[in-house]
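My numbering puts the first residue of the sequence shown at 810, with every later residue one more than the last. Beta carbons are placed, not taken as given, at the ideal position from N, Cα and C, and that holds for glycine. Since we're looking at a predicted model, the values are computed, not measured.
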Amino acid sequence: MKKDIYVRNLEKRDLPAIVSMEERQTGVARPDYWEKRIEISEAIRPHWASLVAELDNRVVGFVLGRAGEFEFGLPGTVAWIEIIGVDPAFRRQGIAQGLVKQFAESAEDHGIKTIFTLVDSSHNEMQHFFSRLGFVHGKMLHYQKELAG
Ligand SMILES: CC(C)(COP(=O)(O)OP(=O)(O)OC[C@H]1O[C@@H](n2cnc3c(N)ncnc32)[C@H](O)[C@@H]1OP(=O)(O)O)[C@@H](O)C(=O)NCCC(=O)NCCS
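Structure below.
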């Protein structure tokens, strides 16, 4: 049986848990980067857009998002999921799904009608995950330019 997860706003005290989660996923620890991200999140982003999930009082997943107003020529406000991650030891228990559910409900409460995210085309697990949650390919096109330097 799946255990109940508790989703709350991300706070400064979550820094070590997030750094450790990423380190176990990628092998790289980035405490300075995450400290700045959390500071920015607390200063300028809506609090509902950055969340952590707890299981038995332990942080086991997080989502970092934001709200974008009139960006990229789009009317109104859209919510963006920028980073989502779940502790490798706690995957496939509905934790990321719970985080996105809470994120979507809060976005809706703020009058937002669309959530955007970007997924690497080679990252199959992320594609499956977002498809399963009802995300579909949008109409925006991703452009990029490689720089010589
Ligand atoms: C993708 C990720 C967030 C999913 O977290 P999770 O808590 O395990 O996901 P959930 O248990 O909520 O899964 C919900 C559904 O998504 C799908 N899904 C989840 N992980 C999947 C995977 N690895 N492969 C295929 N489908 C997957 C399943 O359909 C799943 O439902 P089911 O278990 O009932 O079949 C997690 O694997 C992760 O953190 N991966 C690395 C993320 C990363 O690289 N982030 C940085 C870029 S944003």
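Open item on the list: Can you tell me whether H937 sits near ligand 2, meaning its C-beta is under 7 angstroms from at least one heavy atom of the ligand?
Closed with: The model on display carries ligand 1 but not ligand 2.
Task: Nearest to I892 (by Cα), restricted to the options D918, K910, E880, L873 - done: Looking from the CA of I892, the closest CA among D918, K910, E880, L873 belongs to L873.
TODO: Could you work out which residue in G947, I827, L860, R941 is closest to E914 when comparing CA atoms only?
DONE: L860
Open item on the list: Could you tell me the alpha carbon to alpha carbon distance between E831 and D841, rounded to whole angstroms?
Closed with: 13 angstroms
Task: Residues near L942 in its chain [Cβ-Cβ closer than 7 angstroms; skip 5 each side] - done: Q906, V909
Task: Bridge partners - N818, DSSP secondary structure assignment - done: Paired residues: L860.
Task: Cβ-based neighbour list, G894, same chain, cut-off 7 angstroms, excluding 5 preceding and 5 following - done: M830, E831, Q834, G870, F871, listed in sequence order.
Task: Residues bridged to R867 (per DSSP) - done: L864
Task: Start and end residues, beta strand (DSSP E) containing G894 - done: 886 to 895
Task: Residue interval of the beta strand (DSSP E) (run including F925) - done: 924 to 926
Task: Contact set for I921: own chain, Cβ-Cβ below 7 angstroms, skip 5 residues either direction - done: Answer for I921: A876, T886, V887, A888, listed in chain order.
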